Amino acid sequence: MAFTIRFRVWDKQEKEFSQKGFSLTLDGKLLKFGQPITNEDNYIVNSFTGLKDKYDKDLFEEDIIEHTVAKGGNLTQHTGIIRYNNEHGAFYLENGPPLLQLFSIRKVGNPYENPILFDLYLKSKS
Numbered sequence: 001m002a003f004t005i006r007f008r009v010w011d012k013q014e015k016e017f018s019q020k021g022f023s024l025t026l027d028g029k030l031l032k033f034g035q036p037i038t039n040e041d042n043y044i045v046n047s048f049t050g051l052k053d054k055y056d057k058d059l060f061e062e063d064i065i066e067h068t069v070a071k072g073g074n075l076t077q078h079t080g081i082i083r084y085n086n087e088h089g090a091f092y093l094e095n096g097p098p099l100l101q102l103f104s105i106r107k108v109g110n111p112y113e114n115p116i117l118f119d120l121y122l123k124s125k126s
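If you're matching positions, the sequence shown starts at 1 in UniProt numbering and goes up one per residue.
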């Protein structure tokens with residue numbers, strides 16, 4: 001079975017995501033059209049989780065999601081941000097369970113295309 005690594009790249013100057021023309025070297029260096037990028041600080045790379053939300057939207061690292069938690073016969077909605085956990089080699093909800101343990105996931109957005117969502121998420125945690 002082949003495994004395809006997918007990622008998206010946020011260009012801070014253009015303020016948009018792109019997947020076209022970008023590649024990663026084995027040691028994690030970002031290339032654009034096969035050439036090394038001189039200013040890597042202008043780009044943010046988000047890995048694809050391999051999962052989709054209930055509306056068939058791809059879920060990437062740092063996406064903000066809502067999900068349902070069933071506890072004691074009650075269903076509650078929770079919001080969180082997707083992070084990669086190096087120790088476990090899996091995607092987790094920040095300070096929460098592994099992404100694979102969640103159900104009824106709905107992608108709300110990401111902090112790059114909609115910074116207000118990220119601010120609201122941070123405020124809800126404090």
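No residue lacks a Cβ here, since even glycine has one placed at the ideal position from N, Cα and C.
Since we're looking at a predicted model, the values are computed, not measured.
Problem set entry | Boundaries of the beta strand (DSSP E) in which Gly80 is found, first to last residue | Asn74 to Asn85
Exercise. Rounded to the nearest angstrom, how far is the Cβ of His67 from that of Phe103, given a contact under 8 Å?
Worked result: 7 Å
Exercise. So, helix, strand or coil for Pro115, using DSSP?
Worked result: helix
Exercise. What's the gap between the Cα of Gly21 and the Cα of Gln77?
Worked result: 38 Å
For this session: Under 8 Å Cβ to Cβ from Asn42, same chain only, skipping five residues before and after it: list those, please.
Result: Asp11, Lys12 and Gln13
Exercise. Taking the DSSP output, what are the residues bridged to residue 148?
Worked result: Residue 148 lies beyond the residue range present for the chain, which begins at 1 and ends at 126; the question has no answer from this structure.
Exercise. Quick one: what's Glu14 bridged to in DSSP?
Worked result: None, per the DSSP bridge assignment.
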